[in-house]
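Residues 61 to 295 (the working numbering) are what the sequence shown spells out, left to right. Scroll down for the structure; my scribbles are underneath it.
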Amino acid sequence: GELEHQQVKHFYARMNKIKFTCGIVKQQQCKRLLHQLWETKQQQEAEAIAAQQGMPVGSLDTVKLKQEQLPHCSPNAHYQVSLSQKHYWDISSWLRENRDDPVVSNTFLSCLKSHILAHLSGKEYDSNESTFSAREWNSVIFLQNQIYCHKVLCVNYTTYDLCHAQDLLNPHTHADVMVLVHEDKNPHPHPYWYACIIGIFHVNITQFRMRKQLDILWIRWFACNVETPTIWALK
């Protein structure tokens with residue numbers, strides 16, 4: 061919030077103080093356009109590198125995915141992910157290809173199924189891993205044994221001037237996120253959790269003959285260093 065306010069003050073300092081509201085809006089639009097041009101250039105360079113290196117479909121690197129055209133969505137929707145099923149991983153093949161990666165071979169499938177089961181049972185994430193039985197794990201079946209990959213996650217939000225806007229999260233160019241912390245038994249909890257997005261997916265599953273599509277964010281949580289003084293402790 062404070063950083064955004066500083067940006068507005070920076071725009072204001074460049075104005076002649078006459079009709080400054082319109083001038084600030086134009087500067088914001090210009091900055092947004094330049095940022096979009098920069099992202100397009102970065103995407104083209106990344107795709108050129110990916111083409112030269114001949115990355116396989118099952119690679120963890122998502123820069124090879126082409127820009128997905130998302131339809132307009134309701135501003136009341138919290139987020140938007142493409143419905144495309146063009147880019148996918150065959151789960152069994154992908155696990156074999158990445159069997160030397162301990163994160164993938166040891167925890168990926170189990171964490172994914174635990175997350176899905178927790179979601180289907182209505183449990184909110186509280187940083188504690190949920191425990192499920194083998195029968196519950198086996199009840200989750202991935203249709204066609206596939207995970208569908210996406211390049212961006214669009215998050216809807218309201219700007220300070222009460223306009224609708226979207227933030228585009230990309231595992232390659234804009235991957236770090238922060239969210240409000242859930243209830244914590246610590247009397248002085250840190251107000252946020254921090255994470256890095258590794259992948260954006262959706263899966264089609266069946267459980268007890270019930271079919272459902274779920275959007276998935278594969279993330280790595282950051283740990284807070286509580287021993288080093290921070291701005292939160294100094295305020």
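We put the CB at the ideal spot given by N, CA and C, even for glycine.
- Please classify P249: is it buried, with 16 or more other beta-carbons within 10 angstroms of its beta-carbon, or exposed? Looking up residue 249 in the sequence shown gives position 189. Answer is exposed; the Cβ neighbour count stays below 16.
- Cα-Cα separation, L94 to T233: Translated into the one-based positions of the sequence shown, residue 94 becomes position 34. Translated into the one-based positions of the sequence shown, residue 233 becomes position 173. About 16 Å.
- Item | Element boundaries [beta strand (DSSP E), containing K272] | As a position in the sequence shown, residue 272 is number 212, starting the count at 1. Counting along the chain, the beta strand (DSSP E) containing K272 begins and ends at M270 to W281.
- Query: Counting pairs of beta carbons, one from the stretch 261-281 and one from the stretch 194-208, are three or more of them closer than 8 Å?
  - Reply: yes
- Task: Would you identify the three-state DSSP class for I207, choosing helix, strand or coil?
- Result: Position 147 of the sequence shown, counted from the first residue, corresponds to residue 207. Three-state DSSP puts I207 in a strand.
- Query: Taking C-beta to C-beta, are Q206 and D150 nearer than 8 Å?
  - Reply: By 1-based counting over the sequence shown, the position of residue 206 is 146. By 1-based counting over the sequence shown, the position of residue 150 is 90. Contact flag set, yes.
- Query: What's the C-alpha gap between R156 and S144?
  - Reply: Numbered from 1 along the sequence shown, position 96 holds the residue referred to as residue 156. Numbered from 1 along the sequence shown, position 84 holds the residue referred to as residue 144. Distance between the alpha carbons of R156 and S144 is about 25 Å.
- For P162, is the classification buried or exposed, using 16 other Cβ atoms within 10 angstroms of its Cβ as the cut-off for buried? Your numbering for residue 162 matches position 102 in the sequence shown. Classification of P162: exposed, given that the 10 Å Cβ count is below 16.
- Task: Could you have a look at A178 and say whether DSSP puts it in helix, strand or coil?
- Result: Reading the sequence shown from its first residue, position 118 is the one you call residue 178. Residue state, collapsed to three classes: helix.
- Message: Between Y252 and V263, how many whole angstroms is the CB-CB distance? I'm expecting something under 8 Å.
- Response: For the purposes of this step, residue 252 is identified with residue 192 of the sequence shown, where counting begins at 1. For the purposes of this step, residue 263 is identified with residue 203 of the sequence shown, where counting begins at 1. Not confirmed; about 28 Å, so no contact.
- How far does the alpha helix (DSSP H) with I151 in it reach, from first residue to last? Along the sequence shown, one-based indexing puts residue 151 at 91. Unbroken alpha helix (DSSP H) run through I151: I151 to E157.
- Beta carbon of A225, beta carbon of C256: below 8 Å? Numbered from its first residue, the sequence shown carries residue 225 at position 165. Numbered from its first residue, the sequence shown carries residue 256 at position 196. Result no, Cβ atoms of A225 and C256 do not sit closer than 8 Å.
- Message: Tell me the residue span of the alpha helix (DSSP H) that contains N198.
- Response: Along the sequence shown, read from residue 1 onward, the residue named residue 198 stands at position 138. Counting along the chain, the alpha helix (DSSP H) containing N198 begins and ends at A194 to S199.
- Task: Tell me whether S134 is buried or exposed, calling it buried when 16 or more other Cβ atoms sit within 10 Å of its Cβ.
- Result: Against the sequence shown, residue 134 aligns to sequence position 74. By the 10 Å Cβ count, S134 comes out exposed.
- Which first and last residues belong to the beta strand (DSSP E) in which F168 is found? On the sequence shown, residue 168 is found 108 positions in, with the first residue counted as 1. Counting along the chain, F168 falls outside any beta strand (DSSP E), and DSSP gives it neither H nor E.
- Name the residue from I260, Y254 and C209 whose alpha carbon lies nearest to the alpha carbon of I283. The residue labelled residue 283 in the question sits at position 223 within the sequence shown. One point to set straight first is that residue 283 is Ala, not Ile, in the sequence displayed. Of the candidates I260, Y254 and C209, the one whose C-alpha sits nearest the C-alpha of A283 is Y254.
- Message: How far does the beta strand (DSSP E) with A235 in it extend, from its first residue to its last?
- Response: Counting from one through the sequence shown, the residue named residue 235 turns up at place 175. Element bounds for A235: n/a, residue is neither H nor E.
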